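Here's the structure, in structure tokens; my notes come after.
In full-length UniProt numbering, the protein residues as written are 1 to 100.
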């Protein structure tokens, strides 16, 4: 019984740590785009998702999706946040190439 409780706590802790790490990275990517290009640089659905993530960095994917109009599923939220991160990475690389 005790091992099952420990296993469950460890699993939940690992999931929480992954969620926090992902959220911090998303906020960093959004902040980079905002500061260098402005959030209006993003397509409207990504801009709306970026604003929601910045306003609610602790929100789960499900909660972020429910904030959208119309609501977006967890996979849709994940897809949008991944696209934002991909764009930030490309923009960072372009800046290094332009300055190098």
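Cβ atoms here follow ideal geometry from the backbone N, Cα and C, with glycine treated the same way. Only a predicted model underlies this, so the values are computations on that prediction, with no experimental measurement involved.
Annotation: the UniProt domain "Sporulation regulator WhiA C-terminal" (5-88) contains the following complete segments of the alpha helix (DSSP H) (minimum length 4 residues), in chain order: 44-55, 61-67. Counting only residues of its own chain and dropping the five nearest sequence neighbours on each side, residue 80 has a CB closer than 8 Å to the CB of 45, 46, 49, 72. Residue 95 sits in a helix when the DSSP states are folded into three classes. Scanning its chain for C-beta atoms nearer than 6 Å, with the 5 sequence neighbours on each side dropped, one finds around residue 32 the residues 88, in chain order.
The shortest C-alpha to C-alpha distance from residue 77 to any of 70, 90, 91, 61 is the one to 61.
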